[in-house]
Amino acid sequence: MKKTRIMAIALAVAVALMGAGYAVWTQDFIITGTVNTGQLKLDISETNGSPNIHFQYWNGHIDKLDWDPVDAADIVKYNIKDQAKAVITDGRVITFSYGNMFPGLEAYQEFTITNNGTVPVMIKAAKFTEITGDDSMFDNMRAKVFFIDDGTFFGRRFKFTKLINQGDLLDKSYGAMATKLNELEIETGESITLRIGAFLDVHAPNDATELKDGQYQFQLEFVQSNLKGYED
C-alpha cells in the first residue's frame with residue numbers, strides 16, 4: 002500500500018511538470034483504453050514577406066467615385082505595399098498594422114499554421130483582442146479574416162466599430178463560419194492557411210485614413226481534438 006501511494010504521488014508530480022505545452026486531462030474526462038498524452042505544437046509562419054494588395058472599384062465604374070482612383074501600376078509605383086503590414090507578435094496572436102490606406106484598398110497577409118505536434122488539434126477559440134487607431138475612420142474600415150483548408154475558403158469581413166464586441170467566432174451566431182471553425186481539425190504534419198487583413202470601404206472619404214494608422218489583434222487558441230468541449 003505504501004509503495005502504491007509513492008507511485009501515485011510520483012505520477013502526479015510528473016504530470017504537473019509536463020507544462021502548458023502538453024495535453025491536460027480533466028477529471029471529468031472519462032478515459033477508456035490506453036491513453037497517450039501528446040505534445041501540442043502549432044507553428045505560425047508568414048507565407049510571404051509582404052502583404053498582398055488588391056484595389057476595388059465600385060461595381061467596376063470609377064465615375065461613381067468622388068475621388069481619383071489609383072490604377073494597379075501606381076500601386077506598385079508608390080509602394081503602397083509598405084502602407085499595410087502584418088506582423089507576428091506571439092505564437093497565437095497576430096497583429097495586423099495598417100496606415101495611410103485609401104478607399105478601395107484591401108491589404109492582407111497569409112499565414113501558414115502547421116501542426117508539428119504529436120496529436121490532432123482543433124480550434125478552441127478565435128477572437129479579436131485589441132484595436133487601436135483613430136476611431137473616426139472605423140465606420141469605413143473592415144477587418145478581413147479567412148481560413149483556407151484544403152482549397153476551401155471560409156470567413157468574412159468585420160466592421161471595426163464592432164470588432165472588440167464580436168466575441169468568439171466559434172459561436173453558433175456566426176452560422177456557417179462557426180460551423181466550419183468548430184469542425185476544422187489539423188492532423189499531425191498538416192497545415193491550414195489564415196488570411197488576415199484590412200479593407201477601406203470604396204465609399205469612404207478620400208482622406209479617411211490619410212496620415213493615420215492603427216492595428217488590431219486576432220488571437221487563436223487550440224486544443225487537442227479529443228478534449229474539445231471539456232473545461233480546462
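Count along the sequence shown from 1, add 1, and you get the number used in this note's numbering. Just so it is clear, CB atoms sit at the ideal spot from N, CA and C, and this is done for glycine as well. Owing to the predicted nature of the structure, the values given are computational and were not obtained by experimental measurement.
Kindly indicate if chain C contains any beta-carbon less than 7 Å away from that of phenylalanine 154. Absent from the structure: chain C. Only one protein chain is present.
So tyrosine 109 packs on lysine 145, CB below 8 Å; how close in whole Å? 5 Å
Measure the CB-CB distance between threonine 133 and glycine 215 and report whether it falls below 7 Å. yes
Going by the CB atoms, is the gap between leucine 221 and phenylalanine 148 shorter than 7 Å? no
Am I right that phenylalanine 129 and leucine 164 are in contact with their C-beta atoms under 8 Å? What's the rounded C-beta distance? 5 Å
Taking all protein chains shown into account, decide if threonine 27 is buried (16 or more other Cβ within 10 angstroms of its Cβ) or exposed. Its pLDDT being 35, under 50, threonine 27 is placed unreliably in this model, and the coordinates cannot settle the point.
Under 7 Å Cβ to Cβ from aspartate 140, same chain only, skipping five residues before and after it: list those, please. Thr162
Beta-ladder partner(s) of asparagine 116, from DSSP: Leu43
Please state whether DSSP places phenylalanine 30 in a helix, a strand or coil. Residue placement at phenylalanine 30 is poorly supported in this model, since its pLDDT is 33, which falls under 50; the coordinates still yield a value, given next. It is coil, neither helix nor strand.
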